[in-house]
Structures are given as structure tokens and as C-alpha cells.
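Have a look at the structure below before the remarks.
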Amino acid sequence: MLTFYDYQAAPSPRRARIFMAEKGIDYNCKQVDLRSGEQLGEEFRTINPRCTVPALVTEEGQVIAENAAIAAYLEDRFPEPPLMGQTAAEKATVSEWNWRCEIEGLMAVAEILRNTSPHMKGRAMTGSRNIDQIPELAERGRARLGYFFEDLNAQLENNSFVAGDSYSIADITALVCVDFSSWVKSTPDESLKALHEWHKKVSERPSSKA
145 MLTFYDYQAA
155 PSPRRARIFM
165 AEKGIDYNCK
175 QVDLRSGEQL
185 GEEFRTINPR
195 CTVPALVTEE
205 GQVIAENAAI
215 AAYLEDRFPE
225 PPLMGQTAAE
235 KATVSEWNWR
245 CEIEGLMAVA
255 EILRNTSPHM
265 KGRAMTGSRN
275 IDQIPELAER
285 GRARLGYFFE
295 DLNAQLENNS
305 FVAGDSYSIA
315 DITALVCVDF
325 SSWVKSTPDE
335 SLKALHEWHK
345 KVSERPSSKA
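Numbering (the numbering used here), first residue to last: 145 to 354.
Now the structure itself:
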């Protein structure tokens with residue numbers, strides 16, 4: 145059986161949990177306490193030297209430690225329901241929007257949080273190395289996030305889901321981004337009606353509670 149290294153409160157492993165819940169995949173779950181720094185300890189370093197979660201260990205013992213790679217592996221092994229598109233055009237659209245939701249959305253929230261939180265002094269980036277905070281990056285992050293929410297709303301004004309007519313990994317990443325934005329008090333403006341309607345719809349899916 146697959147083994148999944150998780151931290152329940154963190155947004156990054158939540159993306160993989162939702163993906164697996166949508167596909168009905170069974171796995172063993174092991175919690176890694178990020179608050180106590182367990183990810184930096186020698187035991188977890190033997191699993192993932194980059195000291196990050198999520199990490200998925202296959203039955204063959206391969207460790208996959210990035211969300212995009214985990215999703216690609218699981219989509220190939222468990223193709224139903226498809227979450228990364230079916231035709232070439234669909235796959236391209238899903239990939240594009242998933243990238244935008246991660247880089248323009250999630251990373252903007254992370255930029256704010258990691259450069260403002262007192263608990264993250266000296267830990268402004270994930271991984272094994274200590275990096276100082278840069279407060280100006282938080283300001284940039286808030287601007288980036290606001291622009292992303294506007295672009296996402298525009299996309300959802302003409303589509304049922306982020307990448308078109310079907311629920312996909314792009315919706316998972318966008319959902320986690322919107323929920324994560326509450327951590328830094330930069331949630332989408334109420335004027336973004338399509339975004340809020342979509343968020344209500346995808347939040348009602350059982351997988352969102354994974």
C-alpha cells in the first residue's frame with residue numbers, strides 16, 4: 145500500500161489528500177509535525193532529504209516529494225476519474241491553470257505568510273536550509289494574490305470549473321489557495337461573484353474535507 149507523509153494543517157499535503165480522495169485511493173498516512181520541526185530530523189530526512197511534505201512512498205519504495213509529480217504518478221496508476229484532462233487540449237488547459245493556481249496563487253500566499261509570521265523567522269522558505277524573511281516580499285505577495293483572484297474570477301465567469309467543464313487538479317489547487325488565503329487575511333473580494341460561487345460548489349465536495 146502507498147504511504148503518505150502528511151501534516152494535516154498544511155495546505156501543500158492537503159492538495160494530495162484531496163486528489164487521492166477524489167480517486168478513492170487507500171493509503172497509509174504518517175503525520176510529520178512541522179510545528180516541532182520533525183521534518184528537519186534525521187528520521188524524516190531519510191525519507192525526503194528536502195525536509196518537506198507531502199511525500200508519497202510507492203509500494204516499490206520510490207519516494208515522490210512534489211505535488212505535481214505525485215499527481216502525475218497517481219493519475220497514471222489510477223486513471224478514473226480523470227483529474228488532469230483526457231484529450232491533448234484538455235491536458236494542456238488543466239496543466240496551464242494548475243500551474244497558474246500554484247505559482248500566481250498559492251505561492252503568493254506563501255510569500256506573505258513566510259515573510260510576516262513571527263514563527264517563521266529564519267525559515268522564510270521550506271526545505272533544509274534556513275533563509276531570512278524579506279518583509280517587502282509580503283507586500284508583493286498581496287498584490288500578486290489580488291491580481292490572481294481577479295484573473296481566476298474572469299476564468300470562472302465563462303467556465304463551470306477552473307480548467308473548463310470538468311473538475312480537475314486545477315480546482316484542487318485553487319480551492320486550497322483560496323482557503324489558505326484566510327491565513328494571511330487576503331481572501332477574495334466579495335465583488336468576485338463567479339469565484340465565490342465556484343468556491344461554495346467545490347467546498348461541498350466530500351473530498352474537500354480530506
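For every residue, glycine included, the Cβ atom is placed at its ideal position computed from N, Cα and C.
- Is any heavy atom in the ligand ZN found nearer than 7 Å to the beta carbon of P226? Inclusion of the ligand ZN in the displayed structure is not the case, the ligand content being empty and no account of it being possible.
- Message: Need the endpoints of the beta strand (DSSP E) that K174 sits in, please.
- Response: In the DSSP assignment, K174 falls within the unbroken beta strand (DSSP E) covering Y171 to Q175.
- Could you check if R343 is buried or exposed, using at least 16 other CB atoms within 10 Å of its CB as the buried criterion? Sequence inspection shows His at residue 343; the Arg mentioned does not correspond to that position. H343 is buried by the Cβ-count criterion.
- Would you list the one or two residues that DSSP bridges to D150? Looking at the DSSP assignment, D150 forms a beta bridge with Q175.
- Three-state secondary structure (DSSP) of A199: Judged by DSSP in its simplified three-state form, A199 adopts strand.
- Taking the Cβ atom as the reference point for each residue, do L289 and L339 lie within a distance shorter than 8 Å? Taking 8 Å as the Cβ cut-off, L289 and L339 do not qualify as a contacting pair.
- Message: Let's test the definition: count the other Cβ atoms within 10 Å of the Cβ of R158 and tell me whether it reaches 16, buried, or not, exposed.
- Response: Classification for R158: buried.
- Task: Using three-state DSSP, classify I111 as helix, strand or coil.
- Result: In the structure as shown, the chain begins at 145 and stops at 354. Residue 111 is therefore absent and cannot be evaluated.
- G229 by DSSP, collapsed to three states: which one? Coil at G229, not helix or strand.
- Residue interval of the alpha helix (DSSP H) (run including F324): I313 to S325 is the span of the alpha helix (DSSP H), which, as asked, contains F324.
- Cα-Cα separation, F222 to G249: Distance between the alpha carbons of F222 and G249 is about 27 Å.
- Message: I need the DSSP call for G168, collapsed to helix, strand or coil.
- Response: If DSSP states are grouped into helix, strand and coil, G168 belongs with coil.
- Query: Rounded to whole angstroms, how far is the Cβ of T260 from the Cβ of A282, which I believe are closer than 8 Å?
  - Reply: At roughly 5 Å, the Cβ-Cβ gap stays under 8 Å, so T260 and A282 are in contact.
- Message: What would DSSP say about R267, mapped onto helix, strand or coil?
- Response: Correct three-state label for R267: strand.
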